Amino acid sequence: MRYLSVLFGSVFVATAFAAAAVVTAPPEAEAATGGYVGKCGGGKIFLSADERQSFYLHNQQRKSHNLRQFCVHPTLQKVARAHSKDMIQRDYFSHTTKGTSRQACDRVKNAGYRFRYCGENIAYGSGSYGEPQSIMRSWMKSTGHRRNILNGKYREIGIGAYTGTYKGMRNTTMYTADFGTRL
0 MRYLSVLFGS VFVATAFAAA AVVTAPPEAE AATGGYVGKC GGGKIFLSAD
50 ERQSFYLHNQ QRKSHNLRQF CVHPTLQKVA RAHSKDMIQR DYFSHTTKGT
100 SRQACDRVKN AGYRFRYCGE NIAYGSGSYG EPQSIMRSWM KSTGHRRNIL
150 NGKYREIGIG AYTGTYKGMR NTTMYTADFG TRL
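End of the sequence shown sits at 182 in numbering that gives the first Met the number 0; the numbers just go up one at a time, nothing left out.
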């Protein structure tokens with residue numbers, strides 16, 4: 000597993016590597032609220048406003064590069080949310096779960112998601128730097144993050160966004176995007 004971290008302005012981003020419902024972008028007002036989106040295999044799954052906007056932004060990037068759009072997989076969603084929340088609550092920023100040696104794809108595997116391909120992007124920002132658009136701009140400026148978002152081998156995604164205090168900064172939103180393709 001390779002680790003890359005980059006600082007862009009006030010947004011910190013990191014990426015990790017390891018060896019279908021299609022949703023189009025909603026009107027701006029709709030994307031600014033939480034709501035249900037189609038999940039992999041049919042049905043719907045609820046995403047918070049930041050998660051939902053980030054999901055749409057991921058798919059806008061993929062669509063603009065003629066790639067298949069992501070669907071949200073419930074297991075990846077659960078793992079991504081839990082990691083973002085854990086990083087805020089225990090005040091750390093890493094692909095490795097604090098106090099363990101578990102990496103992104105270990106968490107995904109331990110949750111029961113059997114994958115052929117797996118990867119993760121993480122980032123955080125405060126205030127307007129913590130908005131999904133700012134996070135996506137930073138990810139797309141970083142070679143490793145961009146590679147994950149535009150990797151045609153990835154079919155499914157889970158996006159966790161959790162807001163709290165991180166390193167003394169209030170109103171910090173921590174993002175985790177877990178990518179995968181099942182066996």
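C-beta atoms are modelled at their ideal positions from N, C-alpha and C, and glycine is treated no differently. Keep in mind it's a predicted model, so treat the numbers as computed, not measured.
Excluding sequence positions up to five before and after I87, its CB lies within less than 6 Å of the CB of Y161, G163, Y165 and M173, all in the same chain and listed in chain order. Inside the segment 139-175, DSSP marks whole alpha helix (DSSP H) runs of 4 or more residues at positions 142-148, from first to last along the chain. In the assembly as shown, L182 is an exposed residue. Its beta-carbon has fewer than 16 other beta-carbons within 10 Å.
Non-local C-beta neighbours of N109 in its own chain, meaning closer than 8 Å and more than five positions away in sequence, comprise R101, ordered along the chain. Between the beta-carbon of H82 and that of T175 there is about 4 Å, and that keeps the pair under the 8 Å contact cut. In the three-state reduction of the DSSP assignment, T180 falls in the strand class. In this structure, F54 is the residue among F114, F54 and R146 with its C-alpha nearest to the C-alpha of G157. Contact between V78 and R106 holds: CB atoms are separated by about 5 Å, below the 8 Å threshold.
For A48, the closest C-alpha among the options E119, Y35 and R67 is that of Y35. Annotation for N58: the continuous alpha helix (DSSP H) segment containing it runs A48 to S63. Per the coordinates, the alpha-carbon of Q68 lies some 8 Å from the alpha-carbon of Q59.
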